[in-house]
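Protein chains: 2
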Amino acid sequence: MFSKSCKYAIRAVLHLAAFTAEERKLGVQALADSLEVPKHFLGKILQELSRQGIVSSAKGPTGGFFLSDADRQAPLSRVVEAIDGPEVFSSCILGLPVCGADNPCPLHFQALEYREALQEIIEDRSIAQVVEGALEKDLKL
Amino acid sequence: MFSKSCKYAIRAVLHLAAFTAEERKLGVQALADSLEVPKHFLGKILQELSRQGIVSSAKGPTGGFFLSDADRQAPLSRVVEAIDGPEVFSSCILGLPVCGADNPCPLHFQALEYREALQEIIEDRSIAQVVEGALEKDLKL
DNA sequence: AATTTAAAAGACAAAAACATCTTTTAATCT
DNA sequence: AGATTAAAAGATGTTTTTGTCTTTTAAATT
Chain A
9 MFSKSCKYAI RAVLHLAAFT AEERKLGVQA LADSLEVPKH FLGKILQELS RQGIVSSAKG
69 PTGGFFLSDA DRQAPLSRVV EAIDGPEVFS SCILGLPVCG ADNPCPLHFQ ALEYREALQE
129 IIEDRSIAQV VEGALEKDLK L
Chain B
9 MFSKSCKYAI RAVLHLAAFT AEERKLGVQA LADSLEVPKH FLGKILQELS RQGIVSSAKG
69 PTGGFFLSDA DRQAPLSRVV EAIDGPEVFS SCILGLPVCG ADNPCPLHFQ ALEYREALQE
129 IIEDRSIAQV VEGALEKDLK L
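As you go down the protein sequences, you meet chains A and B in turn.
Per our numbering, the first sequence starts with residue 9, numbered consecutively.
Per our numbering, the second sequence starts with residue 9, numbered consecutively.
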């Protein structure tokens, strides 16, 4: 489904959304500890997310990563697109390059429902909404 | 979603289901040509599928791969399990080792629908049924 | 029995994904 | 200004996935 990098990215962004703000940043070390993922690898991912304007960051003492209010409004799919690329959503489930309604693969029509379910998870909800829902249910982030 | 090997495997099995039988086998070369996938790589995959009893094969002249009537009755999920492992269905969408209804990840409940859609595609239909449906719709296999 | 055909098996190679380490840059604090 | 802190950037290493090639084994045909 998602690559490992992408899974880390999603978890990191949700965690940042829940626990940080402009005045309350989190360093890679702290974040890596919380998520129990390799520090340097996470650093690379955050770097890319930062470059793409999905998370915010500041250097130096009191620096770190955080999610601005604007950052929170983005759909979760932006994170996925940033790391795994936009193909994840649209590409054929059997990897055929020309699969579509006109030239469908053997699973094309069955796969539509799966496609929609996927969209509901990551395209239809903003980062803020996902976190809100999770906090309501007392889920760990 | 599925690994490349797994995508090849599914396509190969469906093709074999549509065009072969005990008396009408297909060699790796011919199959690779039809599916437009690398011959030797496909060979490896078929070897594994054969070892696991998902496809049938015969050596020597007039040899090749085919699907017996019994082979056809298996659900598509057997192919997926054989190549990508059984985890694909049950594992957490964010890769958390302990994600479940009791200790759910931030996307656990949203992911349920996606899970079900996925099951409907590969667990609820036999290979024979998928091929039948595809042939009815004139889809290329 | 000898030859041919094609899968089975295993060794090997390239690419991508995953992960770590070091250096540089920029910001803060004293 | 100098020291310190932490992200940015880049180099490097490891593992997994993907792909190729060669040898072996078994079956059929002559």
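Think of the CB as a built atom: it goes at the ideal place given N, C-alpha and C, for glycine as much as any other residue.
Legend entry - Residues near E140 of chain B in its chain [Cβ-Cβ closer than 6 Å; skip 5 each side]: So no residue of the chain qualifies.
Legend entry - Same chain, Cβ closer than 7 Å to A25 of chain B, neighbours up to 5 away in sequence not counted: L75, R80, I135, A136 and V139
Legend entry - Any chain A beta carbon closer than 8 Å to P83 of chain B: no
Inset, instruction - Give me whichever residues DSSP pairs with L34 of chain A in a beta bridge. - result: A:F73
Legend entry - Own chain residues within Cβ distance below 8 Å of E30 of chain B, not counting five before or after: S64, F74 and S76
Inset, instruction - Would you decide whether H116 of chain A is buried or exposed? Buried here means 16 or more other CB atoms lie within 10 Å of its CB. - result: By the beta-carbon neighbour count (other beta carbons within 10 angstroms, threshold 16), H116 of chain A is buried.
Inset, instruction - Flag this pair as yes or no: are the beta carbons of L149 of chain B and L50 of chain B separated by less than 8 Å? - result: no
Legend entry - CA-to-CA distance, I62 of chain A to V36 of chain A, given in whole angstroms: 16 Å
Inset, instruction - May I ask which residues mark the beginning and end of the beta strand (DSSP E) holding A66 of chain A? - result: Segment S64 to A66, the beta strand (DSSP E) holding A66 of chain A.
Legend entry - Counted within 10 angstroms of its Cβ, other Cβ atoms place G72 of chain A as buried (16 or more) or exposed: buried
Inset, instruction - Taking the CB atoms as reference points, tell me whether L57 of chain A and R19 of chain A lie closer together than 8 Å. - result: For L57 of chain A and R19 of chain A, no; Cβs fall outside 8 Å.
Legend entry - Residue from A:C100, A:Q118 and A:E89 with nearest C-alpha to E131 of chain A: A:E89
Legend entry - is_contact[G68 of chain B, chain A] using C-beta, thresh 8 Å: no
Legend entry - Contact list for V138 of chain A against chain B, beta-carbon separation under 9 Å: P114, L115 and Q118
Legend entry - DSSP-derived helix/strand/coil call for S99 of chain A: Coil, per DSSP.
Legend entry - Proximity of A109 of chain B and I129 of chain A at Cβ, strictly below 8 Å: Contact flag unset, no.
Legend entry - Three-state secondary structure (DSSP) of A109 of chain B: coil
Legend entry - Short CB-CB distance (under 8 Å) between A125 of chain B and chain A: yes
Inset, instruction - Check A82 of chain B in the structure and name its three-state DSSP category. - result: In the structure shown, A82 of chain B falls within a coil segment according to DSSP collapsed to helix, strand and coil.
Legend entry - Pairwise C-alpha distance: T70 of chain B and E144 of chain B: 30 Å
Inset, instruction - Return no unless some Cβ of chain B is closer than 8 Å to the Cβ of L75 of chain A. - result: no
Inset, instruction - Answer yes or no: does any C-beta atom of chain B fall closer than 8 Å to that of K12 of chain A? - result: yes
Legend entry - I62 of chain A at chain B interface by Cβ criterion, 8 Å: no
Inset, instruction - Identify, in the order they occur along the chain, each residue of the same chain with its Cβ nearer than 6 Å to the Cβ of V45 of chain B, setting aside the five sequence neighbours on each side. - result: Y16
Inset, instruction - Please say whether K52 of chain A and G103 of chain B have beta carbons closer to each other than 8 Å? - result: no
Inset, instruction - Could you tell me which of B:S98, B:E95, B:P83 and B:I91 sits nearest to L54 of chain B, measuring between CA atoms? - result: Ranking the options by Cα distance to L54 of chain B, first place goes to B:I91.
Inset, instruction - Using only alpha-carbon positions, find the residue among B:M9, B:F10, B:C14 and B:F27 that is nearest to A142 of chain B. - result: B:F27
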